[in-house]
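Trainee: My questions all concern the structure below.
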Amino acid sequence: MEQNSPLYNLFVRLRRRRFLLGVEDYFALKRAMRLGFGWSSRETLRNLCCLLWAKSNSERELLKSLFDQLGLPDWDLSRDISLAKPTTESENKDLSGSEEPAQEGSNVQGLDIDEQVPATLPKRGLPPIDLEGIRLPSKSFVFVPHFPLTSRDVAQRWRYVRESELSGPLEEVDIKATIALRCRQGLPGPIVLRPRKRKTSHLLLLVDQQGSMAPFHKFVEIVWDTIKRSARSGDVAVYYFHDVPVEGADDRILASVGGQPFPVLDDVLDQIAPLDSGYVYEDRELLSPIPLPEVLQTIGKGANVVFLSDAGAARRHYDLQRLLDTVAFIKVLRNYNQRCVWLNPLPVSSWSGTTAEQIARYVSMFALDSHGLQRATTVLLGKRRPVENSL
Amino acid sequence: MSRHEIDTSVSLLREAYDNLPTKQEIDVVEVAANGHSRVVKQIVEKEPYEPDSDLVDAVNLSIALGRPLLLQGEPGCGKTRLAYAVAYALKLPIEEGYVKSTSRGQDLLYSYDAVNRLYDVQLGASGPRDKNNNPRCQQIENYIMLGPLGRAIARGDLRNERPQRSVVLIDEIDKADFDFPNDLLLELDRLEFRVAEAPEIRFKAGARSDLRPIVIVTHNEESELPAAFLRRCIFHYLEFPASEIQLKQILELHHPNNEKLSQRAIAVILRLRELKLQKKPGLSELIDWVGYMAAMNTPVEELLTLPYADILLKNHSDQLAARQELNRE
Numbered sequence: 391m392e393q394n395s396p397l398y399n400l401f402v403r404l405r406r407r408r409f410l411l412g413v414e415d416y417f418a419l420k421r422a423m424r425l426g427f428g429w430s431s432r433e434t435l436r437n438l439c440c441l442l443w444a445k446s447n448s449e450r451e452l453l454k455s456l457f458d459q460l461g462l463p464d465w466d467l468s469r470d471i472s473l474a475k476p477t478t479e480s481e482n483k484d485l486s487g488s489e490e491p492a493q494e495g496s497n498v499q500g501l502d503i504d505e506q507v508p509a510t511l512p513k514r515g516l517p518p519i520d521l522e523g524i525r526l527p528s529k530s531f532v533f534v535p536h537f538p539l540t541s542r543d544v545a546q547r548w549r550y551v552r553e554s555e556l557s558g559p560l561e562e563v564d565i566k567a568t569i570a571l572r573c574r575q576g577l578p579g580p581i582v583l584r585p586r587k588r589k590t591s592h593l594l595l596l597v598d599q600q601g602s603m604a605p606f607h608k609f610v611e612i613v614w615d616t617i618k619r620s621a622r623s624g625d626v627a628v629y630y631f632h633d634v635p636v637e638g639a640d641d642r643i644l645a646s647v648g649g650q651p652f653p654v655l656d657d658v659l660d661q662i663a664p665l666d667s668g669y670v671y672e673d674r675e676l677l678s679p680i681p682l683p684e685v686l687q688t689i690g691k692g693a694n695v696v697f698l699s700d701a702g703a704a705r706r707h708y709d710l711q712r713l714l715d716t717v718a719f720i721k722v723l724r725n726y727n728q729r730c731v732w733l734n735p736l737p738v739s740s741w742s743g744t745t746a747e748q749i750a751r752y753v754s755m756f757a758l759d760s761h762g763l764q765r766a767t768t769v770l771l772g773k774r775r776p777v778e779n780s781l
Numbered sequence: 352m353s354r355h356e357i358d359t360s361v362s363l364l365r366e367a368y369d370n371l372p373t374k375q376e377i378d379v380v381e382v383a384a385n386g387h388s389r390v391v392k393q394i395v396e397k398e399p400y401e402p403d404s405d406l407v408d409a410v411n412l413s414i415a416l417g418r419p420l421l422l423q424g425e426p427g428c429g430k431t432r433l434a435y436a437v438a439y440a441l442k443l444p445i446e447e448g449y450v451k452s453t454s455r456g457q458d459l460l461y462s463y464d465a466v467n468r469l470y471d472v473q474l475g476a477s478g479p480r481d482k483n484n485n486p487r488c489q490q491i492e493n494y495i496m497l498g499p500l501g502r503a504i505a506r507g508d509l510r511n512e513r514p515q516r517s518v519v520l521i522d523e524i525d526k527a528d529f530d531f532p533n534d535l536l537l538e539l540d541r542l543e544f545r546v547a548e549a550p551e552i553r554f555k556a557g558a559r560s561d562l563r564p565i566v567i568v569t570h571n572e573e574s575e576l577p578a579a580f581l582r583r584c585i586f587h588y589l590e591f592p593a594s595e596i597q598l599k600q601i602l603e604l605h606h607p608n609n610e611k612l613s614q615r616a617i618a619v620i621l622r623l624r625e626l627k628l629q630k631k632p633g634l635s636e637l638i639d640w641v642g643y644m645a646a647m648n649t650p651v652e653e654l655l656t657l658p659y660a661d662i663l664l665k666n667h668s669d670q671l672a673a674r675q676e677l678n679r680e
């Protein structure tokens, strides 16, 4: 029975699209309909579903188009709305003013649901909803991007990446300090106050743009945008770069490793000098450059650094120069004593044989999915995850 | 998530709201942390409000199912004002919880003034005394202040001589920390709380469905809310009124007898909203704009020069773009 109900079908489809819905929510809709909501027209039924099942504007739009796909016939009882909702009769009494307020009176109304149920059914009946003759239009699609992570997933995982910081006006009693003061003075002195604890996360997000990252722009944007919005303004800075933020590391040292088919940097690692003379960009079009040292000085001090980049894995490239430049830049970050993670939109299986595989030996690199994000947050919180060589 | 008893004792009616007087006296039950309550009379003014039928449905559904109503929408489209209108229509007291970036969930329930109590203890016998001439500092409830949600829950407690329902507004919930909504899950669900510093102080409003506070939460989309919290809410998105007629009705409510001015202003604002602006003028800006022009007796013909544009557009480049568009005629 239930399987055939169009609303149940809608419910199942929404769940498949990762709406936050449980059985309770389906019953909530049925209860609401039993109370008389959503009967007067197709539109109101659709709105009722939106009220109960959608939790954001984009979800609402999606629900609306999926609802339209159900192909329910149109009906309009708005002229008979007072019949469809008998609660209105009791309401007029409450609102007309002469009566006492409802909360004052006893709980006569509203408690005994069973008694109300027959009354809430529309008296003239509904037009029959015959689903047999209905064919879904063959060319109607709802295209919604399905990313490995939704904005909600990111917000949920990322909320742990915060540290307590005392800031703002003095509001709370600092019990320890107060006791310490009294012990020192030997008599009741003033109470020591401290500001409230706030959670902050100072973060520098470096986002690889264009080129091989172009297919991931939308996906990556969800990630950095959510991270940015979940923090207080000013705590998170987003800058863009292309391939590598710095270029021009001294490649003469590569001469000694150049002869191998897959040269690695192991032998010359110590000789690579930290390099920060590059530019990152304020805008996604990479038009307004800012010198990297400037960014690191102002934002980077004490902040964590997160890279969002495929590190060459998308094109399945192995680029020694890119590896060298990246290592030189990471050495700079180590000097600033920052924790640093690399989020790669490509899965781990695609890294092998590319620059990404080599970079992952020096920085904690994770695939940009739910599990990877969770592990990245633990690294940012200070849990060491051994990399082969932390430079 | 517990399922609540259904409550159909009250609901909002659009037509009935229009007919309400512009002022009314309501009884408000005031409850203190020690459980004492008294009834005070309060005169409240009517909130000019023109909800569309979807919004009315949303409010009624949230009352019936006992779930908080989560309102989203452009700034200035009347999210906050709705709570006042609902309170006025149902003759209920309103409790306002304005969320700040430092707010914690507990602030909405109660706050404990430990600092003053400590000072009072230090004063000893010469410290302040209560009605029975006992030192105030002996009783912890003298230092516990109920917050907006706490007051609403205490007001609906059956131990009161006259329990009363309230409307609770939690404004701009996304301004607070991500954990803020999560910390309130239990209290919003069961509508009861206990003071951690004095466990004997506790209140419960969920006992009778018609005393359940009506909770309205507004959200500016600045950040994502936790899933557990979202699941418990009824969600409604307030759109900018789609039709001219609706806008006209709204303006008529706020500034009656200005038909000509309103009509032109609506035409201008609808055109401006089609432009690609950084911040589109919203409803509250329109109402302010028309109100000011009416007060200044601005001639209707001047509207195309966009007088007092600072009310409408909060950005210099937006103002330039708007002027350019209006001058094209």
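Chains as they are written, first to last, in my numbering: chain A, 391 to 781; chain B, 352 to 680. Backbone N, C-alpha and C fix where the C-beta goes; we use that ideal spot for every residue, glycine too.
#1: Tell me the rounded alpha-carbon separation between A:Arg405 and A:Leu411.
#2: Verify the CB distance criterion: does A:Lys445 have a CB-CB separation below 7 Å to chain C?
#3: Which first and last residues belong to the beta strand (DSSP E) in which A:Ser554 is found?
#4: Checking 7 Å against the spacing of the C-beta atoms, do B:Met496 and B:Ser454 come in under that value?
#5: When you compare the CB of A:Lys589 with every CB in chain B, is at least one pair closer than 7 Å?
#6: Listing by chain order, which chain A residues have their CB less than 7 Å from the CB of B:Tyr588?
#7: Within the 7 Å Cβ cut-off, does B:Ser574 reach chain A?
#8: Reducing DSSP to helix, strand and coil, say where A:Cys730 ends up.
#9: Output needed for A:Leu763: all residues of its chain with C-beta closer than 6 Å, excluding positions within five of it in sequence on either side, in chain order.
#10: Spell out whether any CB of chain B is found under 7 Å from the CB atom of A:Phe349.
#11: Tell me which same chain residues have a C-beta within less than 8 Å of the C-beta of A:Ala418, skipping the five on either side of it?
#12: Can you give me, in chain order, the residues of the segment 622-646 of chain A that have a beta carbon less than 7 Å from any beta carbon in chain B?
#13: For B:Asp369, decide whether its Cβ has a neighbour in chain A, counting only Cβ atoms nearer than 7 Å.
#14: In the DSSP output, which residue or residues are listed as bridge partners for B:Gln393?
#15: Apart from the five residues just before and just after B:Val619, which ones in its own chain have a Cβ nearer than 8 Å to its Cβ?
#16: Mind checking which residues open and close the beta strand (DSSP E) that includes A:Tyr630?
#17: What are the boundary residues of the alpha helix (DSSP H) that B:Met644 is part of?
#18: Checking contacts by CB at 7 Å: is A:Leu410 closer than that to chain B?
#19: Assuming A:Ala639 and A:Leu655 form a contact by the criterion Cβ under 8 Å, report the distance between their Cβ atoms to the nearest whole angstrom.
#20: Along chain B, in chain order, which residues have C-beta atoms closer than 9 Å to that of A:Thr767?
#21: Taking the Cβ atom as the reference point for each residue, do A:Pro737 and A:Ala757 lie within a distance shorter than 7 Å?
#22: On the three-state DSSP scale, how would you describe A:Val753?
#23: When DSSP labels each residue in this structure, what does B:Glu446 get in the three-state scheme?
#24: Of all the CB atoms in chain A, is at least one closer than 7 Å to the CB of B:Val437?
#25: Between A:Ala422 and chain B, is the shortest Cβ-Cβ distance under 7 Å, so that the two count as touching?
#26: Name the chain A residues that come within less than 7 Å of B:Gln423, Cβ to Cβ?
#27: In the DSSP assignment, find the unbroken beta strand (DSSP E) run with A:Leu595 in it and report its ends.
#28: Tell me the DSSP secondary structure of A:Val769 in three-state form.
#29: Please list, in chain order, the chain A residues whose beta carbon lies closer than 7 Å to that of B:Ser452.
#30: Just verifying my parser: in three-state terms, what is the DSSP assignment at A:Tyr416?
#31: Quick one, which of A:Phe719, A:Pro679, A:Leu698, A:Leu560 has its alpha-carbon nearest A:Ile782's?
#32: On a Cα-Cα basis, can you pick out the residue from A:Gly426, A:Leu438, A:Arg408, A:Leu425 that is closest to A:Leu397?
#33: At 3 residues or longer, what runs of the beta strand (DSSP E) sit wholly inside the segment 494-529 of chain B?
#34: Should B:Val380 be flagged as near chain A, meaning a C-beta pair shorter than 7 Å?
#35: How long is the line joining the alpha carbons of A:Pro593 and A:Tyr669, rounded to whole angstroms?
#36: I need the DSSP call for A:Leu485, collapsed to helix, strand or coil.
Mentor: Per the coordinate set shown:
#1: Residue 405 of chain A sits at position 15 when you count from the first residue of the first sequence. Residue 411 of chain A sits at position 21 when you count from the first residue of the first sequence. Distance between the alpha carbons of A:Arg405 and A:Leu411 is about 6 Å.
#2: The chain inventory of the structure shown lacks chain C, comprising the protein chains A and B.
#3: Indexing the first sequence from 1 puts residue 554 of chain A at position 164. Segment 553-563, the beta strand (DSSP E) holding A:Ser554.
#4: Reading the second sequence from its first residue, position 145 is the one you call residue 496 of chain B. Reading the second sequence from its first residue, position 103 is the one you call residue 454 of chain B. Their beta carbons are not under 7 Å apart, which means B:Met496 does not touch B:Ser454 by this criterion.
#5: Taking the first residue of the first sequence as 1, we reach residue 589 of chain A at position 199. Taking Cβ atoms only, chain B reaches closer than 7 Å to A:Lys589, which makes this a yes.
#6: The residue labelled residue 588 of chain B in the question sits at position 237 within the second sequence. Under the 7 Å cutoff, chain A gives Asn447, Arg450.
#7: For the purposes of this step, residue 574 of chain B is taken as residue 223 along the second sequence, with counting starting at 1. Taking Cβ atoms only, chain A reaches closer than 7 Å to B:Ser574, which makes this a yes.
#8: Within the first sequence, the letter at position 340 stands for residue 730 of chain A. Strand at A:Cys730.
#9: Your numbering for residue 763 of chain A matches position 373 in the first sequence. For A:Leu763, where only same-chain residues beyond five positions count, the Cβ hits under 6 Å are Arg547.
#10: Outside the modelled stretch of chain A, which goes from 391 to 781, sits residue 349 of chain A, for which no answer is possible.
#11: For the purposes of this step, residue 418 of chain A is identified with residue 28 of the first sequence, where counting begins at 1. So the qualifying residues of the chain are Leu442.
#12: Arg622
#13: Here residue 369 of chain B corresponds to residue number 18 of the second sequence, with the count starting at 1. So no, B:Asp369 is outside the interface.
#14: For the purposes of this step, residue 393 of chain B is taken as residue 42 along the second sequence, with counting starting at 1. In DSSP, B:Gln393 forms a bridge with B:Ile377.
#15: For this step, residue 619 of chain B is matched to residue 268 along the second sequence. Cβ neighbours of B:Val619 beyond the five flanking positions: Leu654, Leu655, Leu657, Leu677.
#16: As a position in the first sequence, residue 630 of chain A is number 240, starting the count at 1. Taken as a continuous stretch (DSSP letters only), the beta strand (DSSP E) holding A:Tyr630 covers 626-631.
#17: Residue numbering aside, residue 644 of chain B sits at position 293 when the second sequence is read from its first letter. 634-646 is the span of the alpha helix (DSSP H), which, as asked, contains B:Met644.
#18: Along the first sequence, read from residue 1 onward, the residue named residue 410 of chain A stands at position 20. Yes - at least one Cβ of chain B is within 7 Å of the one on A:Leu410.
#19: The count along the first sequence starts at 1 and reaches residue 639 of chain A at position 249. The count along the first sequence starts at 1 and reaches residue 655 of chain A at position 265. A:Ala639 to A:Leu655, Cβ: 11 Å. No contact.
#20: Residue mapping note: residue 767 of chain A aligns to position 377 of the first sequence, counting from 1. Here the premise fails: no neighbours, minimum Cβ distance about 13 Å.
#21: Here residue 737 of chain A is taken as the residue at index 347 of the first sequence, counted from 1. Here residue 757 of chain A is taken as the residue at index 367 of the first sequence, counted from 1. Against a cut-off of 7 Å, the Cβ pair of A:Ala757 and A:Pro737 comes out as a contact.
#22: By 1-based counting over the first sequence, the position of residue 753 of chain A is 363. Residue state, collapsed to three classes: coil.
#23: Indexing the second sequence from 1 puts residue 446 of chain B at position 95. DSSP places B:Glu446 in strand when its eight states are reduced to three.
#24: To locate residue 437 of chain B, count along the second sequence from 1; it is residue 86. Judged by the 7 Å Cβ criterion, B:Val437 is not in contact with chain A.
#25: Numbered from its first residue, the first sequence carries residue 422 of chain A at position 32. Yes, because at least one Cβ of chain B sits closer than 7 Å to the Cβ of A:Ala422.
#26: The residue labelled residue 423 of chain B in the question sits at position 72 within the second sequence. Within chain A, the residues near B:Gln423 are Asn447.
#27: Counting from 1 along the first sequence, the entry for residue 595 of chain A is found at position 205. Looking at the DSSP string, the run of the beta strand (DSSP E) that includes A:Leu595 is 593-598.
#28: Residue 769 of chain A sits at position 379 when you count from the first residue of the first sequence. Note: A:Val769 maps to helix in three-state DSSP.
#29: Working through the second sequence from its first residue, we reach residue 452 of chain B at position 101. Those within 7 Å of B:Ser452 in chain A are Arg622.
#30: For the purposes of this step, residue 416 of chain A is taken as residue 26 along the first sequence, with counting starting at 1. Helix at A:Tyr416.
#31: Residue 782 of chain A lies beyond the range of chain A shown here (391 to 781); nothing can be said about it.
#32: Locating residue 397 of chain A in the first sequence gives position 7, counting from the first residue. Residue A:Leu438 is the option with its Cα nearest to A:Leu397.
#33: 495-497, 518-522
#34: Working through the second sequence from its first residue, we reach residue 380 of chain B at position 29. No, B:Val380 does not count as interfacial toward chain A.
#35: Locating residue 593 of chain A in the first sequence gives position 203, where the first residue counts as 1. Locating residue 669 of chain A in the first sequence gives position 279, where the first residue counts as 1. According to the sequence shown, residue 593 of chain A is Leu rather than Pro. Each residue's Cα considered, the two are about 18 Å apart.
#36: Position 95 of the first sequence, counted from the start, is the residue given in the question as residue 485 of chain A. Legend: pLDDT at A:Leu485 = 40, less than 50; position of this residue unreliable, no value from coordinates given.
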